[in-house]
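Participant: Numbering (mature numbering (1 follows the signal peptide of the UniProt record, and there is no 0)), first residue to last: -24 to -1, 1 to 234. Below is one structure. I have some questions about it.
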């Protein structure tokens, strides 16, 4: 939601990401112990450091266990796992997603001073310069891993008014952004878009977005322009921030052409 590209599904919301297209092996379950707590459970080999198997990646990551133990950066584990066990989004794109440059820079800023104290430098293999910047490419960051199912709020049958979208009434249930979730929901469209504003009227929530890229579409035409995205819930989970870019996955309403 890198600051990079969160993936938001506007009808049962989900977060993922996208990278340049290419061909390669299928997704496989994450088996690297250090990376299992992270909010994705499928990866793809070879990884961004050219390890052909997760067993090789495990051996290579061992060198960072001491550095992780210093808690030098809250972004270090996320960054390492995004490099060694990158998130895989099969049927969404073919190449694993790279971490955002900003994530690398935060990890390096926190941990390189620790390395220098022991006469070590930040590894060249983890150089930040070649990683994508979120507004010029697609990448992954901790801020983007937010998945949720939205709870709707009811119409007041006595006076015809909606129950307000208060924080107490909109409680989002966290869900992992997994391959299974993505495939199960079978979204009609996937776009990269910048949020301009979010409008709420009664329990109808509309996101006004500027479409940057169309990754998947179906029957309803999606122009590369400013469009309105409608939700089927009075709660928007996770909440959208104006002027942020997101990967948005959702469903089409063929009858209303929206």
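Where is the CB? At the ideal position from N, CA and C, for every residue including glycine. Just so we're clear, the structure is a prediction, and the values are computed from it rather than from any experiment.
Could you tell me the alpha carbon to alpha carbon distance between residue 79 and residue 12, rounded to whole angstroms?
Facilitator: Looking at the two C-alpha atoms, the distance is approximately 19 Å.
Participant: So what's residue 118 in DSSP terms, helix, strand or just coil?
Facilitator: Reduced to three states, the DSSP call for residue 118 is helix.
Participant: What's the C-alpha gap between residue 55 and residue 181?
Facilitator: Their backbone Cα atoms lie some 34 Å apart in a straight line.
Participant: Let me confirm a value: residue 123 is counted as buried when at least 16 other C-beta atoms fall within 10 Å, else exposed. Which label applies?
Facilitator: Confidence in residue 123 is poor, its pLDDT being 40 and thus under 50, which makes the residue's placement too unreliable to answer from.
Participant: My assumption, with CB atoms under 8 Å, is that residue 64 sits in contact with residue 3. Please give the rounded CB distance.
Facilitator: That belief holds up - the Cβ atoms of residue 64 and residue 3 are roughly 4 Å apart, short of 8 Å.
Participant: May I ask which residues mark the beginning and end of the beta strand (DSSP E) holding residue 32?
Facilitator: Not the beta strand (DSSP E): residue 32 falls in the alpha helix (DSSP H), residues 30 to 37.
Participant: Could you tell me the distance, in whole angstroms, from the CA atom of residue 88 to the CA atom of residue 39?
Facilitator: Rounded to whole angstroms, residue 88 to residue 39 spans 14 Å at the Cα level.
Participant: Can you have a look at residue 202 and say buried or exposed, based on whether 16 or more other CB atoms are within 10 angstroms of its CB?
Facilitator: Flag for residue 202 reads exposed.
Participant: Since residue 187 contacts residue 199 with CB under 8 Å, what's their CB separation in whole angstroms?
Facilitator: Right, the Cβ-Cβ distance comes to about 7 Å (below 8 Å), so this counts as a contact.
Participant: Is DSSP giving residue 191 helix, strand or coil here?
Facilitator: Of the three classes helix, strand and coil, the one that applies to residue 191 here is strand, per DSSP.
Participant: Using the three-state DSSP reduction, which class does residue 21 fall into: helix, strand or coil?
Facilitator: If DSSP states are grouped into helix, strand and coil, residue 21 belongs with coil.
Participant: Are there 16 or more other CB atoms within 10 angstroms of the CB of residue 26, so buried, or fewer, so exposed?
Facilitator: When all chains shown are included, residue 26 counts as exposed.
Participant: Step through the CB atoms of chain B and report whether any lies within less than 7 Å of the CB of residue 223.
Facilitator: The question asks about chain B, but that chain is absent: this structure has only one protein chain.
Participant: In angstroms, rounded to a whole number, what distance separates the CA positions of residue 216 and residue 207?
Facilitator: So the alpha carbons of these two residues sit roughly 12 Å apart.
Participant: Leaving out the 5 sequence neighbours to the left and right, which residues in its chain are closer than 7 Å to residue 172 when beta-carbon positions are compared?
Facilitator: 184, 185, 186, 202, 218, listed in sequence order.
Participant: Quick one: what does DSSP say residue 82 is sitting in, helix, strand or coil?
Facilitator: The answer is helix: DSSP assigns residue 82 an H, G or I state.
Participant: Report the option in 45, 190, 97 whose CA atom is closest to the CA atom of residue 84.
Facilitator: Per the Cα distances, 97.
Participant: For residue 224 and residue 194, what's the separation of their Cα atoms in angstroms?
Facilitator: Distance between the alpha carbons of residue 224 and residue 194 is about 14 Å.
Participant: Kindly indicate which three-state DSSP category residue 90 falls into: helix, strand or coil?
Facilitator: If DSSP states are grouped into helix, strand and coil, residue 90 belongs with the helices.
Participant: Which residues in the same chain have their Cβ closer than 8 Å to the Cβ of residue 143, if we skip the five residues on either side of it in sequence?
Facilitator: In this prediction, residue 143 has a pLDDT of 42, which is less than 50 and means its spatial position is unreliable; nothing more can be read from the coordinates.
Participant: May I have the straight-line CA-CA distance separating residue 53 from residue 43, to the nearest angstrom?
Facilitator: Cα to Cα, the separation comes out at about 10 Å.
Participant: Please report how far the alpha carbon of residue 189 lies from the alpha carbon of residue 165, in whole angstroms.
Facilitator: Using only the alpha carbons, I get a separation of about 11 Å.
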